[in-house]
Amino acid sequence: MYSKICHGLMRGVETVLGVLFLGLIVSVALQVIARNVLHIPLLWTSDMAQLLFSWLIFIGAAVGLRQGAHYFVDILPEGDGMLGRAVTWFGVLAGAAVVWILIFNGWALTMARARGEIQSIGISRMWLYLPIPLSGVMMGLFLVEIAMKEWRGTPPDTSQERSQ
């Protein structure tokens with residue numbers, strides 16, 4: 026049940042990320058066309074691209090965690106041995122530390138920047154930093170799922186989910 030919730034969340038977020046990526050492409054294209062063809066500055070396009078990029082990077086990293094898309098360095102032979110499980114649990118604990126940093130320090134940074142404004146688009150700077158703690162929350166949810174699968178001895182294979 027928990028995996029289905031995480032899967033649904035991931036699919037919804039992937040859809041939103043697709044829309045944001047399209048927005049990023051349009052924003053950068055407008056900037057290039059305005060500067061090089063029309064010879065007029067569209068200042069807001071740079072800030073919009075930076076905002077969208079921030080959301081894509083941090084939220085995309087959470088989706089990448091669930092999909093197992095991040096790089097792994099194999100230093101041990103594959104197998105279900107005790108050492109392999111210990112390394113996996115070490116990874117879960119290290120991931121939990123990263124999640125804690127993203128949530129708590131990311132929230133502090135978001136609140137510290139909330140009074141500032143992105144003048145060209147007229148919104149709070151909070152929106153630029155908000156994806157940091159949100160990605161931490163999502164990574165935390167997905168890390169719990171990974172830990173539950175490891176606890177049960179279920180391999181964290183997401184190849185079926187990638188093909189859906």
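The letter at position 79 of the sequence shown is residue 104 when you use the numbering used here, and the numbering goes up by one with no holes. Each residue gets a CB set at the ideal place from its N, CA and C atoms; glycine is no exception. Everything numeric in this text was worked out from a predicted model, so none of it was measured.
Handout entry: Reduced DSSP category for residue 149 - H, G, I as helix; E, B as strand; rest coil
Key = Residue mapping note: residue 149 aligns to position 124 of the sequence shown, counting from 1. Residue 149: strand per DSSP, three-state reduction.
Handout entry: Proximity of residue 158 and residue 84 at Cβ, strictly below 9 Å
Key = Along the sequence shown, one-based indexing puts residue 158 at 133. Along the sequence shown, one-based indexing puts residue 84 at 59. Judged by their CB atoms, residue 158 and residue 84 are not nearer to each other than the 9 Å cut-off.
Problem - residue 171 beta carbon less than 9 Å from that of residue 72 - result: On the sequence shown, residue 72 is found 47 positions in, with the first residue counted as 1. On the sequence shown, residue 171 is found 146 positions in, with the first residue counted as 1. No.
Exercise for the section: Provide the residue(s) that pair with residue 142 in DSSP beta bridges, ordered along the chain. Expected result: The residue given as residue 142 occupies position 117 in the sequence shown. Residue pairing for residue 142: DSSP places it in a beta bridge opposite 149.
Handout entry: Cα-Cα separation between residue 65 and residue 150, rounded to whole angstroms
Key = Taking the first residue of the sequence shown as 1, we reach residue 65 at position 40. Taking the first residue of the sequence shown as 1, we reach residue 150 at position 125. Using only the alpha carbons, I get a separation of about 25 Å.
Problem - Cα-Cα separation, residue 177 to residue 87 - result: Indexing the sequence shown from 1 puts residue 177 at position 152. Indexing the sequence shown from 1 puts residue 87 at position 62. Each residue's alpha carbon lies about 22 Å from the other.
Practice task
Sort 175, 81, 107, 179 by Cα distance to residue 50 and report the nearest one.
Solution key: Locating residue 50 in the sequence shown gives position 25, counting from the first residue. The shortest Cα separation from residue 50 among 175, 81, 107, 179 belongs to 81.
Practice task
Enumerate in chain order the residues of its own chain whose CB-to-CB distance from residue 69 is below 8 Å, with the five nearest sequence positions on each side excluded.
Solution key: Along the sequence shown, one-based indexing puts residue 69 at 44. Excluding positions up to five away in sequence, the list reads 145, 146.
Problem - Per-residue burial, residue 40 [other beta carbons within 10 Å of its own, 16 or more giving buried] - result: The residue labelled residue 40 in the question sits at position 15 within the sequence shown. Residue burial is scored here from C-beta neighbours: residue 40 has fewer than 16 other C-beta atoms within 10 angstroms and is therefore classed as exposed.
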